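Participant:
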Amino acid sequence: MSNRRSGRNVIGPQSALTDFLATHNISAQQIRSDFEERRAAANAANAQAPDASADSAAADTTGGAAEEEEEAEAGPSTTTLSLRQNETKAEEKKRKAKEKRAIEKIKASKAFKRRTRHAGSDDDLDEIARALFDERSAPAPGQIANCDICEKRFTVTPYSRPGPNGGLLCTSCSKNAENEDDLPKKKKPRKSAGGVGRRRNIQSSMMDGTYHRGAKNLMRLCIETLAQNVHLADSLGELPTHVEDKIARLFSKRRLLKPTTLALFVRPSTEILSIYTAAYLSTDDLIGVFQTCSKLKELKVRDAIQFKDEVMDYIMTRNTQLEKLSLHGANLITSESWSKFLTNKGTELRTLQVYATDKGFNDDVVALLSDSCPNLMRLKIDGNQELSSDGVKKIGLNKNLKHLSLRLEQKITPKTLVHLVRDLGDNLETLSLRQVPEANDELLTMIKSKCTKLKKLRIKDSEAMTDEGFVDLFAEWANEPLHIVDFESCRHMDAMKPRDNSENVGLCGEGFKAIMAHSMKNIRSLNVSSCRHITKAAFEAAFAEDTVYKELRDIDLSLCEEVDDFVVGCIFRSCPALEKLIVWGCMKVTSEHNVPRGVLLIGVPNAMGVEIAG
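Mapping of the sequence shown onto UniProt numbering: residues 1 to 614, in sequence order.
#1: Do you know how far the Cα of Leu404 is from the Cα of Ile202?
#2: Runs of 3 residues minimum, wholly inside the region 307-393: which ones carry the beta strand (DSSP E) assignment?
#3: With respect to the beta strand (DSSP E) encompassing Arg407, which residues constitute its N-terminal and C-terminal limits?
#4: Grab the span of the beta strand (DSSP E) containing Val485 for me, first residue to last.
#5: Report the residue from Val485, Leu397, Leu444 whose alpha carbon sits nearest the alpha carbon of Val418.
#6: Assuming Phe307 and Ile333 form a contact by the criterion Cβ under 8 angstroms, report the distance between their Cβ atoms to the nearest whole angstrom.
#7: Assign Ser502 to buried or exposed, taking buried as 16 or more other Cβ atoms, counted over all protein chains shown, within 10 Å of its Cβ.
#8: If you measure between the beta carbons of Phe566 and Pro596, is that distance less than 8 angstroms?
#9: With Val567 as the anchor, note down where its alpha helix (DSSP H) starts and where it stops.
#10: Roughly how many whole angstroms lie between the Cα atoms of Glu545 and Gly569?
#11: Using the Cβ count rule (16 or more neighbours within 10 Å means buried), how would you classify Arg153?
#12: Within the chosen definition, does the region 340-359 reach the region 368-375 through at least 3 CB pairs nearer than 8 angstroms?
#13: For Glu442, report the span of its alpha helix (DSSP H) as first-last.
#14: Hey, would you say Leu408 sits closer than 8 angstroms to Leu431, going by beta carbons?
#15: Going by DSSP, which residues form a beta bridge with Thr430?
#16: Quick check on DSSP: helix, strand or coil for Ser160?
#17: Asp19 by DSSP, collapsed to three states: which one?
#18: Could you give the distance in angstroms between the alpha-carbon of Glu429 and the alpha-carbon of Gly469?
#19: Do Asp461 and Pro437 count as a contact pair if the criterion is CB distance below 8 angstroms?
#20: Between the Cα of Pro141 and those of Leu286, Leu169, Ala177, Gly585, spot the shortest distance and give me the residue it belongs to.
#21: Among all the DSSP beta bridges, which residues are the ones paired with Ala233?
#22: Can you tell me which of Glu463, Asn522, Ile515, Met520 puts its alpha carbon nearest to the alpha carbon of residue 615?
#23: Might you give, ordered along the chain, the residues of its own chain that have their beta carbon closer than 8 angstroms to the beta carbon of Pro268, omitting 5 neighbours on each side?
#24: Is it buried or exposed, Thr78, if we count other Cβ atoms within 10 angstroms and call 16 or more buried?
#25: Could you tell me if Ser519 is buried or exposed, where buried requires 16 or more neighbouring beta carbons within 10 angstroms of its beta carbon?
#26: How many whole angstroms separate the CB atoms of Leu401 and Asn427, which I take to be in contact at a CB cut-off of 8 angstroms?
#27: Does Asp126 pass the burial test, meaning 16 or more other C-beta atoms within 10 Å, or should it be called exposed?
#28: Can you find the residues in the same chain that come closer than 6 angstroms, C-beta to C-beta, to Asn594, ignoring five residues on each side of it along the sequence?
#29: What residues in its chain sit with their C-beta under 6 angstroms from that of Lys453, if we drop five residues either side in the sequence?
#30: Any contact between the region 533-543 and the region 505-513? By contact I mean 3 or more CB pairs, one from each, below 8 angstroms.
#31: Does Val485 get closer than 8 angstroms to chain E when you measure Cβ to Cβ?
#32: Alpha carbon to alpha carbon, what distance is there between Leu581 and Ser204?
#33: Just checking my contact of Tyr355 with Gly329 at CB under 8 angstroms: how many whole Å lie between their CB atoms?
#34: Return the CA-CA distance between Ala495 and Glu336, expressed in angstroms with no decimal places.
#35: Output the distance between the C-alpha atoms of Gly214 and Arg220, rounded to the nearest integer angstrom.
#36: Whose C-alpha, out of Glu104, Gln29, Glu91, is nearest the C-alpha of Ala40?
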């Protein structure tokens, strides 16, 4: 026990003498400095006497031992501001003479000469010596000093600020001096980051579909400048709708759309308003939109977390007649509020788009659309968890629908989808059905018999449709050539034997050739991603040498295993207007082919992943 206690090196309390010396700013360095000064003065007096040559030599020998520490020890005793103010003229003269001797001693030291051997004039040497003297004459951290301004006593720290009269400032005076400092702090010049992040920005714009080759146009530069200096903007003025939409998209991408910046888009004359990120907006901010925009006709809000019943109730108290309402993530709106809104404000509604809702938008709400919204022409329900087959059947009562898009979390029976197309197919121009694994060839047959005005056809994630059904649909179909074709993930699903497809389930080679033969003239966008059973021969036949798709701009062949460099070359040859080709997961595609100018090849399995036209 004794050994462990002795090893702790416990230090007892300080003595009264130590406290007294610290209170009066007397330190060991100061005592030693005073002693050296007295000894130097005595040596100088002895050197002047004619009979003191021997004593002078002895004094020089003694002083030479401390020559290396001469500069560090040189310096006067620390005097406070109050002592200087109360000193007499004789004491002031004595103090200044003492300071002068200390400065001369600093200048005579070898260490000072080594440090200042590259200095310029004698004035520079005097300034350096004076700075060293002032530095060593200041109280050490932990000692007590008087403030240079208010003369209050305070404990000196390493961060004590120098005062105007050569002393130090207390904490309160230091803060006041910082606040009253008129000199702005010099900002260090920002180092150029080079090309860091440039490739990532280019790829991001490619994925967003906003990539532009060459120099940016004036409108793009102005929009980016506005986004960088949004805190200086007071108003956007009278801008075209498409320009305001681009500004709103860029603000949302950079997380700049907040209550302060929302005022740039909200004006009494606003008729179309798109809020692509409302995550920073509160319920009061959304209510304020309807308070200001009395002529609002089209409203799109994404991330509408705070779009609650209170907002719906306020809309019903206003004279606003919305023609388009698009809400994303408005999960806090109850079914009762939806019902009241459609009943009171559904007469003028032409477009209704509801994304990512759980229980509020249910079968009962959908049942009101046919009676409350007679002019409804476009309906999109995406990511809904409550709508069932019964609600889908009631959608068929809206005879004026021209555009229908559904992506529901609950399973919808194949018969329900067939009945839906039977009721609405005559007027449909857009039909989009996603996450319909049980949809079969009966749906394709009904589409062929009822739909003759379609321009866009999308059926995703079907596991029951066959290649024969696709061939039958596009063979002698009375419908005009499609503009947009999307049959993503219509394929055979078998984890044990993923490549064995003896029954030709999903979109295969013959069905793909039938699609391209039917819509050759007008097709603009083609998506057959994950249709792994399309053969290489089918791709070569569809993009043969004598085949030209004048309007085809966007193709997605991701995870089509038979796509290789030759198929990609055939596509480049047959599609003169092509802008983007996606080949994610096509491992036979390499970077050895020449990409035409103006074409984006995305998904090449190499380190880059994206190739731009040369």
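Built from N, CA and C at the ideal position, the CB exists for glycine as well.
Being a predicted model, the structure only gives us computed values, none of them experimental.
Facilitator: On the basis of the supplied data:
#1: Inter-residue distance for Ile202 and Leu404 is about 34 angstroms (C-alpha atoms, whole angstroms).
#2: Counting only runs of 3 or more, we get 324-328, 351-355, 378-384.
#3: Secondary structure note for Arg407: its beta strand (DSSP E) is the uninterrupted segment 403-408.
#4: Looking at the DSSP string, the run of the beta strand (DSSP E) that includes Val485 is 484-486.
#5: Checking every option, the nearest Cα to that of Val418 belongs to Leu444.
#6: Contact check for Phe307 and Ile333: beta-carbon distance about 7 angstroms, within the 8 angstroms limit, so the pair qualifies.
#7: With a 10 Å radius around the Cβ and a threshold of 16 neighbouring Cβ atoms, Ser502 comes out exposed.
#8: Contact annotation: Phe566 and Pro596 have beta-carbon atoms that are not nearer than 8 angstroms.
#9: Looking at the DSSP string, the run of the alpha helix (DSSP H) that includes Val567 is 565-574.
#10: Within the model, the alpha-carbon separation for Glu545 versus Gly569 is close to 11 angstroms.
#11: Arg153 should be labelled exposed.
#12: Contact holds between the region 340-359 and the region 368-375, because three or more Cβ pairs, one in each stretch, are under 8 angstroms apart.
#13: From DSSP, the alpha helix (DSSP H) with Glu442 extends over 441-450.
#14: No, Cβ-Cβ distance for Leu408 and Leu431 is not below 8 angstroms.
#15: According to DSSP, which records beta bridges pairwise, Thr430 is partnered with His403, Lys456.
#16: Residue state, collapsed to three classes: coil.
#17: In the structure shown, Asp19 sits in a helix (DSSP, three-state: H, G or I).
#18: In a straight line, the C-alpha of Glu429 is about 21 angstroms away from that of Gly469.
#19: Closer than 8 angstroms, so yes.
#20: When each option's Cα is compared against that of Pro141, the closest is Leu169.
#21: Ala233 is not bridged to any residue.
#22: Coverage of the chain is limited to positions 1 through 614, which leaves residue 615 absent and any answer about it impossible.
#23: Apart from sequence neighbours up to five positions away, the residues of its chain that approach Pro268 with a beta-carbon distance below 8 angstroms are Thr292, Cys293, Ser294, Lys295, ordered along the chain.
#24: Bear in mind that a pLDDT of 45 at Thr78, under 50, signals an unreliable position, so the number given afterwards is only what the model happens to contain. Classification for Thr78: buried.
#25: Counting Cβ neighbours within 10 Å, Ser519 comes out buried, since at least 16 surround it.
#26: Right, their Cβ atoms sit about 7 angstroms apart.
#27: Asp126 should be labelled exposed.
#28: Here the set comprises nothing.
#29: Cβ within range, chain order: Glu429.
#30: Counting C-beta pairs closer than 8 angstroms gives three or more between the region 533-543 and the region 505-513, which meets the contact rule.
#31: Judged by its chain identifiers, the structure shown contains no chain E, having just a single protein chain.
#32: Taken atom to atom, the span from the alpha-carbon of Ser204 to that of Leu581 is near 16 angstroms.
#33: Yes, they are in contact, since the Cβ atoms of Tyr355 and Gly329 sit about 7 angstroms apart, within 8 angstroms.
#34: The alpha-carbon atoms of Ala495 and Glu336 are separated by roughly 44 angstroms.
#35: So the alpha carbons of these two residues sit roughly 12 angstroms apart.
#36: Taking the Cα of Ala40 as reference, the smallest distance to any Cα among Glu104, Gln29, Glu91 is reached at Glu104.
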